[in-house]
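Protein chains: 2
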Amino acid sequence: MTPNIQMSDVSVDCVVFGFDDSQLKVLLIEQEKAPGSSHEGKRYALPGDLVFLSEGLDSAARRVLNELTSLDNVYLEQFHTFGDPDRVRGLKDVEWLRNFRKNPDTRVITTGYYSLVKMEDYNPKAASFASDIAWWDVNDLPDLAFDHNHILSKGLKALREQFRHHHIGFELLPKKFTLSQLQELNEIVLGEKLDKRNFRRKITKLKAIIPLDEKQIGVLHKPAQLFEYDVSKSED
Amino acid sequence: MTPNIQMSDVSVDCVVFGFDDSQLKVLLIEQEKAPGSSHEGKRYALPGDLVFLSEGLDSAARRVLNELTSLDNVYLEQFHTFGDPDRVRGLKDVEWLRNFRKNPDTRVITTGYYSLVKMEDYNPKAASFASDIAWWDVNDLPDLAFDHNHILSKGLKALREQFRHHHIGFELLPKKFTLSQLQELNEIVLGEKLDKRNFRRKITKLKAIIPLDEKQIGVLHKPAQLFEYDVSKSED
DNA sequence: ACAAAAGTGTTGGAGATACACCCATGA
DNA sequence: TCATGGGTGTATCTCCAACACTTTTGT
Chain A
1 MTPNIQMSDV SVDCVVFGFD DSQLKVLLIE QEKAPGSSHE GKRYALPGDL
51 VFLSEGLDSA ARRVLNELTS LDNVYLEQFH TFGDPDRVRG LKDVEWLRNF
101 RKNPDTRVIT TGYYSLVKME DYNPKAASFA SDIAWWDVND LPDLAFDHNH
151 ILSKGLKALR EQFRHHHIGF ELLPKKFTLS QLQELNEIVL GEKLDKRNFR
201 RKITKLKAII PLDEKQIGVL HKPAQLFEYD VSKSED
Chain B
237 MTPNIQMSDV SVDCVVFGFD DSQLKVLLIE QEKAPGSSHE GKRYALPGDL
287 VFLSEGLDSA ARRVLNELTS LDNVYLEQFH TFGDPDRVRG LKDVEWLRNF
337 RKNPDTRVIT TGYYSLVKME DYNPKAASFA SDIAWWDVND LPDLAFDHNH
387 ILSKGLKALR EQFRHHHIGF ELLPKKFTLS QLQELNEIVL GEKLDKRNFR
437 RKITKLKAII PLDEKQIGVL HKPAQLFEYD VSKSED
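Here it is, written out as structure tokens:
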């Protein structure tokens, strides 16, 4: 068997978290079943695939994610590279690889990327070897292919770390948002309740959060003040 | 030219920091010159090399470091993977690769590891394609091969981050150490002076730092109390 | 007695936590 | 008038930073 010189032995896997006003979700693909597979049941995995030889890692992550899910323009952040030679040695894993990879027995290392998107802004559509695609509650995940459960949990940890230290996540809100929306986003990602007054005190002293002379309209309660986020005034 | 199936297109690079009671140093190898090289001058680089196909990343890092420098038993921590396809495209880089690699034009991604060792405990000896090896002051570095200056500075940032948040570095001190020694280690790594009283207050309230009923002997000043570090009581 | 490093407390400010009630709006 | 989420202040604690003198030993 000649090595496929188009492909490297490096892959990328994307842990795309989704925010939907209530729960933190993660995007999983359902892998196409190997023809004549001896194994029953569905096979879920993170969107990921091999990197081309001519391609950078970051752009490979974008390309692969787009090919499998049709998601575009997603901010992806690298968090770890997994290089255990036995990371892909389960029975089902090997069978699947034999069907979908030219060099199924080559050791592949993979670099993990994470991302956080507003679910309503993106409409994932299965393609390539993804036969289906869905958002899963991070607290109720199926068994994943390969070492993807491990990658996913490391990605979640990295996301929370990022949220705690710097403040990302404004991208996920409408341009004009209320402080309650921002708080809810933080609570969902961090997986814990935050104190309203303390949260507001902390947030409103950030220079990047601009209060607007505008209020919500059409809500059936006291309308909240709107704010916007000015990246250029960010202090990170 | 047939691809070398022994080697993957992944390498590891090790940023080994050394602590020597006064300065933070980093270990660089001097690369063997390409025969008939048109370029003058020495060529410095981080110890690093390709990963075997059958090998895990972490063990590759250990192996490569050992082969080039004869260092052994070094704790290495992964910090980032560099995958820009043009990371290795300088003129001298290409010339060197043509001489020392079977597939000089293959894109290689590299995973960076950092480490911190006590210089006196380790005696690096150049081997393989390292023609020489030396500790360099981190504040006075030469131009390095490939993108190694970039990798190095990202490694230093990761080391400092690690030091600020968790407390590593006890491995670098004698089993029984004084608080001043520990403070000095921290100052060297962080590159800044610390207040003695504040440092001691913070440190002594860690449960993992055990005060001993023992003092320094033979010093020409007031002997300091000795402490030891109990990993099992670490609170990180 | 001297040199050298060890050891020790207090104060002020900043930020985190805990906690409960009134307000503005639409229905 | 009611239901709904919006909006607000205070007390306490912990953590951090700044700062200077006395103690113990060996020579």
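Residue numbers (the numbering used here), protein chains in the order written: chain A, 1 to 236; chain B, 237 to 472. C-beta: ideal position from N, C-alpha, C; glycine also. The structure presented is a predicted model; accordingly, all values stated were derived computationally and were not measured.
Can you grab the Cα-Cα spacing for the pair residue 227 of chain A / residue 114 of chain A, in whole Å?
-> Straight through space, the alpha carbons of residue 114 of chain A and residue 227 of chain A are spaced by roughly 27 Å.
Please name the residue in B:357, B:338, B:328 and B:292 whose C-alpha comes closest to that of residue 307 of chain B.
-> Ranked by Cα distance from residue 307 of chain B, the options B:357, B:338, B:328 and B:292 are led by B:357.
Any C-beta of chain A under 7 Å from that of residue 319 of chain B | Yes, its Cβ sits closer than 7 Å to a Cβ of chain A.
When the Cα of residue 60 of chain A is compared with those of A:216, A:197, A:14 and A:225, which residue comes out closest?
-> Looking at A:216, A:197, A:14 and A:225, the one whose alpha-carbon comes closest to that of residue 60 of chain A is A:14.
For residue 56 of chain A, name the three-state secondary structure that DSSP assigns.
-> Reduced to three states, the DSSP call for residue 56 of chain A is coil.
Among A:151, A:112 and A:181, nearest to residue 200 of chain A - alpha-carbon criterion | Selected option, being the one with the closest Cα: A:181.
From residue 241 of chain A to residue 409 of chain B, what does the alpha carbon distance come to, in whole angstroms?
-> The structure shown has nothing for residue 241 of chain A, since chain A only spans 1 to 236.
Residue 414 of chain B in three-state terms, based on DSSP = Coil.
Cβ pair residue 454 of chain B, residue 84 of chain A closer than 7 Å | Inclusion of residue 454 of chain B and residue 84 of chain A in the CB contact set at 7 Å is not warranted, their separation being larger than that value.
Strand pairing of residue 284 of chain B, partner residues [DSSP] | DSSP, once it has assigned bridges, lists B:249 as partnering residue 284 of chain B.
Within its chain, find whatever has a CB closer than 6 Å to the CB of residue 452 of chain B; leave out the 5 residues flanking it on each side and keep chain order.
-> Taken in chain order, the residues that qualify are 459 and 460.
Secondary structure of residue 88 of chain A, DSSP reduced to three states | If DSSP states are grouped into helix, strand and coil, residue 88 of chain A belongs with coil.
Beta carbon of residue 275 of chain B, beta carbon of residue 390 of chain B: below 7 Å?
-> Not in contact: residue 275 of chain B and residue 390 of chain B (Cβ atoms no closer than 7 Å).
Per DSSP, which one or two residues make a beta bridge with residue 464 of chain B?
-> Paired residue(s): B:446.
Considering only the beta carbon of each residue, do residue 34 of chain A and residue 136 of chain A sit closer than 7 Å?
-> Not a contact, by the Cβ cut-off of 7 Å.
Go ahead and label residue 69 of chain A buried or exposed: buried means 16 or more other beta carbons lie within 10 angstroms of its beta carbon, across all protein chains shown.
-> When all chains shown are included, residue 69 of chain A counts as buried.
Can you give me the Cβ contacts of residue 99 of chain A inside the same chain, cut-off strictly under 6 Å, excluding the 5 residues immediately before and after it?
-> The residues are 34.
Residue 448 of chain B: buried (16+ other C-beta within 10 angstroms of its C-beta) or exposed?
-> Counting Cβ neighbours within 10 Å, residue 448 of chain B comes out exposed, since fewer than 16 surround it.
Would you please state the rounded distance, in angstroms, between the beta carbons of residue 344 of chain B and residue 252 of chain B? I believe it to be under 8 Å.
-> With a Cβ gap of about 20 Å, residue 344 of chain B and residue 252 of chain B do not count as contacting.
So, is residue 167 of chain A buried or exposed, given that buried needs 16 or more other C-beta atoms within 10 angstroms?
-> Around the Cβ of residue 167 of chain A, a 10 Å sphere holds 16 or more other Cβ atoms; the residue is buried.
Could you pull out every residue in the same chain whose Cβ sits closer than 6 Å to the Cβ of residue 241 of chain B, ignoring the five residues on either side in sequence?
-> Its pLDDT being 46, under 50, residue 241 of chain B is placed unreliably by the model, and nothing is read from it.
On the three-state DSSP scale, how would you describe residue 69 of chain A?
-> Here residue 69 of chain A carries a helix assignment [DSSP, helix/strand/coil].
Chain-order list of residues whose beta-carbon lies under 6 Å from that of residue 340 of chain B (same chain, five-residue window excluded) | These residues qualify, in order along the chain: 333 and 334.
Classify residue 195 of chain A as buried or exposed, calling it buried when 16 or more other Cβ atoms lie within 10 Å of its own Cβ.
-> With fewer than 16 neighbouring CB atoms inside 10 Å of its own CB, residue 195 of chain A falls in the exposed class.
7 Å CB neighbourhood of residue 355 of chain B in its chain, flanking five on each side removed | Excluding residues up to 5 positions away in sequence, 254, 255, 256, 261 and 371 lie with their Cβ nearer than 7 Å to the Cβ of residue 355 of chain B in the same chain.
Can you tell me the Cα-Cα spacing of residue 364 of chain B and residue 303 of chain B, whole angstroms?
-> Rounded to whole angstroms, residue 364 of chain B to residue 303 of chain B spans 7 Å at the Cα level.
If you run the structure through DSSP and keep just helix, strand and coil, what is residue 354 of chain B?
-> When secondary structure is reduced to three states using DSSP, residue 354 of chain B falls in the strand class.
Please work out which residues of its chain come closer than 6 Å, Cβ to Cβ, to residue 8 of chain A, disregarding the five sequence neighbours upstream and downstream, and give them in chain order.
-> Cβ contact annotation for residue 8 of chain A (same chain, cutoff 6 Å, sequence separation greater than five): 51 and 53, in chain order.
Could you run through the region 5–32 of chain A and flag, in chain order, every residue whose CB is less than 7 Å away from some CB of chain B?
-> Under the 7 Å Cβ criterion, the region 5–32 of chain A contributes 5, 8, 9 and 10.
Whose C-beta lies closer than 6 Å to the C-beta of residue 312 of chain B among residues of the same chain, with five residues either side of it excluded?
-> Taking residue 312 of chain B as the centre and dropping the five residues before and after it, the same chain places the C-beta of 297, 349 and 351 closer than 6 Å to its C-beta, in chain order.
Put residue 215 of chain A into one of helix, strand or coil per three-state DSSP.
-> DSSP, reduced to helix, strand and coil, places residue 215 of chain A within a strand of the structure shown.
C-beta atoms of residue 285 of chain B and residue 247 of chain B nearer than 7 Å = Contact: yes.
Go through its chain and collect everything with a Cβ distance to residue 401 of chain B's Cβ below 7 Å, but skip five positions before and after it.
-> Correct list: empty, nothing qualifies.
What are the start and end residues of the beta strand (DSSP E) that includes residue 165 of chain A?
-> Segment 148–165 is the alpha helix (DSSP H) holding residue 165 of chain A; no beta strand (DSSP E) there.
For residue 395 of chain B, which of B:280, B:353 and B:359 has the nearest alpha-carbon?
-> Proximity to residue 395 of chain B across B:280, B:353 and B:359 peaks at B:353, based on C-alpha coordinates.
Compile a chain-ordered list of the residues in the region 150–174 of chain A whose CB is closer than 9 Å to at least one CB of chain B.
-> Listed by position, the residues of the region 150–174 of chain A near chain B (Cβ gap below 9 Å) amount to none.
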